[in-house]
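Peer 1: Its first residue numbered 1, the sequence shown is counted upward by one per residue in the UniProt record's numbering.
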Amino acid sequence: MASSGDRGDLTGADDVWPGLEERISRSPQPQRKAAGTGEDRAARHHDGHRDRLRARFAAAGDDALADYELLELILFRSIPRKDVKPIAKALIAHFGSLAEVLGAPTRRLTEVPGVKDAVALDIAVVAAVNRRGMRSAVRQREVLSSWAAVLDYCKAAMAHEGREQFRILFLDKKNALIADEVQGTGTVDHTPVYPREVMRRALELNATAIILVHNHPSGDPTPSRADIDMTKTIVETARPLGVAVHDHIIIGKNGHASLKGLRLI
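#1: Is Asp229 buried or exposed, if buried means 16 or more other CB atoms sit within 10 Å of its CB?
#2: Count the other CB atoms within 10 Å of the CB of Leu20; is the residue buried (16 or more) or exposed (fewer)?
#3: With distance defined between alpha-carbon atoms, name the residue in Ile74, Leu75, Phe76, Leu53 nearest to Leu65.
#4: Whole angstroms are fine: how far does the CA of Leu171 sit from the CA of Ala179?
#5: Would you say residue 277 and Lys89 are within 8 Å of each other, going by their C-beta atoms?
#6: Rank Val245, Leu241, Val143, Asp227 by C-alpha distance to the C-alpha of Val235 and give the top, closest one.
#7: For Ala179, does the three-state DSSP call read helix, strand or coil?
#8: Entirely within the segment 55-107 and at least 4 residues each: give me those alpha helix (DSSP H) ranges in chain order.
#9: Are Leu177 and Arg201 close, meaning C-beta to C-beta below 8 Å?
#10: In chain order, what residues of the same chain have a beta carbon less than 8 Å from the beta carbon of Met158, not counting five sequence neighbours either side?
#11: Since Leu91 contacts Leu70 with CB under 8 Å, what's their CB separation in whole angstroms?
#12: With respect to the alpha helix (DSSP H) encompassing Leu151, which residues constitute its N-terminal and C-terminal limits?
#13: Where does Ile265 fall in DSSP's three states?
#14: Please work out which residues of its chain come closer than 6 Å, Cβ to Cβ, to Leu115, disregarding the five sequence neighbours upstream and downstream, and give them in chain order.
#15: Bridge partners for Ser258 per DSSP, in chain order?
#16: Less than 8 Å between the C-beta atoms of Ala156 and Arg196, yes or no?
#17: Using beta-carbon positions only, say whether residue 282 and Ile249 come within less than 8 Å of one another.
#18: What does Glu197 pair with, by DSSP beta-bridge criteria?
#19: If we define contact as Cβ-Cβ less than 8 Å, is Lys260 a contact residue for chain E?
#20: If you draw a straight line from the C-alpha of Ala128 to the C-alpha of Gly219, how long is it?
#21: Looking only at its own chain, which residues have a Cβ that is under 7 Å from the Cβ of Met199, when we skip the five neighbours before and after it?
#22: Between which residues of its own chain and Thr222 is the CB-CB distance below 7 Å, once the five residues before and five after are set aside?
#23: Just to confirm, is the Cβ distance from Leu126 to Leu102 under 8 Å?
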């Protein structure tokens, strides 16, 4: 506690403090950082980029965007507050094309830095919707009169599979699609096919015609000797049962081959 003498030392304090306050107010003040960190400014820039990209797509459609930019539009929803352009470009560089990104298994998508399980799943969902839409288009038409749609669907479904897959399109007497089924999945260069099983399934579905489809993971759709022999065996097995084999299509990353078109059946 201050003594009476201590209190006497404060005489005239009212004259001193106003001047002291003025000197403090005039002295240089430590500068504060401008509002917003570098991360905040980057986030605002990314938001602007996203808005511009969406606007370009809305105004001119997908033709106005590069492949990696279309992929960015998908990633925007999966990764809300980050620049996704490097991730989109890395995905295409890693797999080779947008089609291969959409055809890649989810476990392989996560090989790319920045792609977590949830992001890979979102990409897989978009790819599945694309395939389902193509299959719906095939179902609603007479298959032989919409051959381009059939090929587009088969390419989307199989071109980028890492293993051989044997698929059959079962048709009714009007050549409308009854069912589309994968009959077997094999190795990178072989799928076992059993003609009796093919015919058993055709009869179960009351199919009067079938189209055989399988992929070559090597990318080259050229039919092998084994492909040709297997097709001829199925044709011979189907004929007495009244089931026509319209074609055997081989799908590769670099195109497709039709055994009928090559006059091999």
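Even glycine gets a Cβ: it sits at the ideal position worked out from N, Cα and C.
Peer 2: Quick answer:
#1: exposed
#2: Model confidence at Leu20 stands at a pLDDT of 49, short of 50, so the residue's coordinates are unreliable; what they give is reported in the following sentence. The residue is exposed, with fewer than 16 neighbouring Cβ atoms inside 10 Å.
#3: Among Ile74, Leu75, Phe76, Leu53, the Cα nearest to that of Leu65 belongs to Leu53.
#4: 7 Å
#5: One cannot answer for residue 277 here, as it falls past the ends of the chain, which runs 1 to 265.
#6: Closest option to Val235, Cα to Cα, is Val245.
#7: strand
#8: Those alpha helix (DSSP H) runs which fall completely within the segment 55-107 and span 4+ residues are 67-78, 85-95, 98-103.
#9: Not a contact, by the Cβ cut-off of 8 Å.
#10: Gln165, Arg167, Val213, His214, Asn215, Ile251
#11: That pair is no contact at about 11 Å.
#12: 147-158
#13: coil
#14: Before going further, note that residue 115 is Val rather than Leu in the sequence given. Answer for Val115: Leu109, listed in chain order.
#15: The partner list for Ser258 (beta bridge, DSSP) reads Ile249.
#16: Cβ atoms of Ala156 and Arg196: not closer than 8 Å.
#17: Because the chain spans 1 through 265 in this model, residue 282 falls outside it and cannot be assessed.
#18: In the DSSP output, where bridge partners are listed per residue, Glu197 has none listed.
#19: Structure shown: chain E not included; a single protein chain is present.
#20: 21 Å
#21: Thr237, Ala238, Leu241, Val243
#22: Shown here for Thr222: same chain residues with a beta carbon closer than 7 Å to its own, the five before and five after excluded, namely Ala257 in chain order.
#23: A quick correction: the sequence has Val, not Leu, at residue 126. In contact: Val126 and Leu102 (Cβ atoms closer than 8 Å).
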